[in-house]
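Chains as they are written, first to last, in the working numbering: chain A, 291 to 402; chain B, 705 to 818.
The C-beta atom is built at its ideal place from N, Cα and C for all residues, glycine as well.
Just below is one structure, and these are the notes that go with it.
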């Protein structure tokens, strides 16, 4: 069974704070993804990574950065949190050559 | 422009009846399609998928139909149960073009009433 875990289920931060969201997968998957989910907008891809130290911008990378120092861990960083980054953040992983992505439980972030 | 569209934001069905969730796509290069189910405050869970070389895939109460000429797929749930109440996302992949990334629809909220 694929397991994707996220460091926090709920977070409350203040505007301007630096925020770290961490994701760990235990299936040795090459590919990892960060999405945000907002009502009426579905899942939007922020960043993804195909390998250690590799990162690619998704559809909405502005205001975010990522880090992948180890294969199993993919971190999303909000350099200076803003209220419009209040959202549900979802991490996913996928084995190379396959399409199915497996998601973590999500982190609900509130920026005040 | 949305490449994957779920035109019904919500659907309400009586327990025991069939639920049909629809999804349309515009990119003819998509070759793999997936359905995910999401409960509130949880991550999406993979439900069922279909390759473009097939027109039907079945897994228990869940069946996905693909009509490539119409660029349309649908998820049938029979019989529907209250525990099926969730948001359902359709997703598509063009492995060669998008490097396996998934393009998601905006979701359809299914309510199954007892």
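- A Cβ-Cβ contact shorter than 8 Å links residue 362 of chain A with residue 315 of chain A.
- Here the alpha carbons of residue 787 of chain B and residue 307 of chain A stand approximately 39 Å from one another.
- When secondary structure is reduced to three states using DSSP, residue 296 of chain A falls in the strand class.
- Annotation for residue 793 of chain B: the continuous beta strand (DSSP E) segment containing it runs 790–797.
- For a Cβ distance threshold of 7 Å, residue set 335, 338 of chain A lies close to residue 805 of chain B, ordered along the chain.
- Taking one beta carbon from each stretch, the segment 381–400 of chain A and the segment 321–328 of chain A have 3 or more pairs nearer than 8 Å; the two touch.
- The beta carbon of residue 317 of chain A sits closer than 6 Å to those of 292, all from its chain and outside the five residues before and after it, given in chain order.
- The beta carbon of residue 756 of chain B lies closer than 8 Å to those of 734, 735, 736, 737, 770, 772 in the same chain, with the five residues before and after it left out.
- Check the Cα spacing between residue 393 of chain A and each of B/713, B/742, B/705: the tightest is with B/742.
- A contact between stretches requires three or more CB pairs, one per stretch, nearer than 8 Å, and the segment 802–817 of chain B meets this requirement with the segment 705–713 of chain B.
- Assignment of residue 731 of chain B by DSSP, reduced to helix, strand and coil, places it in the coil class.
- Measuring C-alpha to C-alpha distances from residue 731 of chain B to each of B/747, B/740, B/707 identifies B/707 as the nearest.
- At a C-beta separation below 9 Å, residue 738 of chain B has these neighbours in chain A: 389, 390, 391.
- In the structure shown, residue 332 of chain A adopts extended strand secondary structure according to DSSP, grouped into three states.
- With a threshold of 8 Å between beta carbons, residue 762 of chain B makes no contact with chain A.
- If only uninterrupted beta strand (DSSP E) runs of at least 3 residues are considered, those enclosed by the segment 333–400 of chain A are 354–360, 363–368, 377–384.
- Between residue 311 of chain A and chain B, the shortest Cβ-Cβ separation is not below 8 Å.
- Within the same chain, 817 come within 7 Å of residue 718 of chain B by CB-CB distance, once the 5 residues on both sides are set aside.
- By the CB criterion at 8 Å, residue 367 of chain A and residue 351 of chain A fall outside the cutoff.
- In the DSSP assignment, residue 722 of chain B falls outside any beta strand (DSSP E), carrying neither H nor E.
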